[in-house]
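In our numbering, the protein residues as written are 169 to 448.
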Amino acid sequence: MPLVDNVTHTLIGVLAGEAVHRFLPPSAVLSDRARRTIAIGVLAVGGNLPDADVLYTVAGTTGDYLLHHRGHTHTLIGALGGSVLLYLAVRLWWRYRGIRPGRADTWLLVGLSLAGPLLHLALDFTNNYGIHPFWPVDNHWYYGDAVFIVEPLLWACAAVLLFTLPSRTMRVLIALVIVAGLGLTWFSGFVPAVFAALLTVLALGLTAVGRFASARVAVASGLAAWLAVTAVFLATSQAADTRVQARLAWTAGEFVRPPKAGRYWSSSPRSIRSGASSIA
Ligand SMILES: [Zn+2]
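This is the structure:
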């Protein structure tokens, strides 16, 4: 569901962009509004840019899609190409508007242009499809195998923006996404009620932080919640993986036990099935 993936990438990009705006000192040249637009715009667009590979596979077959999606644009080289494009686009925009950026603005733009596509790779790494960032030097795929990218818990982290962003349209869109995430979680039938309740508490808690705390505390809380959610997923996935590996090793041990001790040397389907069922 590429479009839903991109909701997550966009929300995280907007949250990070707002944090950059809130924590950096004012620019000597750019107005607060102009710099915030650049910070949020570059991180939100850059945070989606690697998925442009969908465009050159859209005309192809399903095989093309699988081959190319998370292909060239999901590598460090591809991300760097996206960063250069972003940087040049903003420089052209500044030139068109007659803006002569200061040194600090230029370095900020360099940092944002690099960070956007890298943020995308980092998010894609944490889910189970993984990425192969070091192509063409190393073709290995790396999987965080932890976060399902369509993750309402990540959407809820953007709740802190509901009272900090100046654009009413953006605030309404974010509210709709969070409500949709809550609806999916409560009513899809796939998620236990206890997790749905946890998500609801997180979304309401972060909304309250956005409403009552300072803007800096609010965006920092949103970012902290995002990192905490990711860390919990990674740790849980690691623990589950260790348990599965241990179970598999135990089962394999049972299968290769010498004949005098082993029940599983028998090639009867029944004993193989009983061994296999103990993995689950
Ligand atoms: Zn992607």
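Just so you know, even glycine gets a beta-carbon here, dropped at the ideal spot from N, CA and C.
Enumerate in chain order the residues of its own chain whose CB-to-CB distance from residue i is below 6 Å, with the five nearest sequence positions on each side excluded.
i	result
ARG449	Here the chain covers residues 169 to 448 and nothing more, so residue 449 does not appear.
SER389	VAL328, VAL377
ARG336	none
VAL182	ILE208, ALA212
TRP354	ALA364
Which same chain residues end up closer than 7 Å to residue i when comparing Cβ atoms and leaving out the 5 residues on each side of it in sequence?
i	result
TYR255	LEU277, VAL278, SER281
ASP273	SER195, VAL197, LEU198
Determine the contact status of residue i and residue j, defining contact as a CB-CB distance below 8 Å.
i	j	result
LEU211	ALA324	no
HIS288	GLY215	yes
TRP261	PRO269	no
LEU458	ALA371	Absent from the structure is residue 458, since the part of the chain shown begins at 169 and ends at 448.
Start and end of the alpha helix (DSSP H) containing residue i?
i	result
LEU256	244 to 264
ARG118	Outside the shown range of the chain, which is 169 to 448, sits residue 118, and nothing can be said about it.
GLY298	Run containing GLY298: none; DSSP gives neither H nor E here.
VAL213	200 to 214
Run the CB neighbour count on residue i, radius 10 Å, all protein chains shown included, and call it buried at 16 or more, exposed below.
i	result
HIS242	buried
ILE206	buried
LEU367	buried
ASP200	exposed
LEU192	exposed
SER356	exposed
ARG203	buried
ALA247	buried
LEU395	exposed
Starting from the C-beta of residue i, find all residues in its chain whose C-beta is less than 8 Å away, skip the five residues before and the five after it, and write them out in chain order.
i	result
HIS308	HIS300, PHE302
Inset, instruction - List in chain order: all unbroken alpha helix (DSSP H) runs of 4+ residues lying wholly within the segment 302 to 375. - result: 320 to 325, 336 to 355
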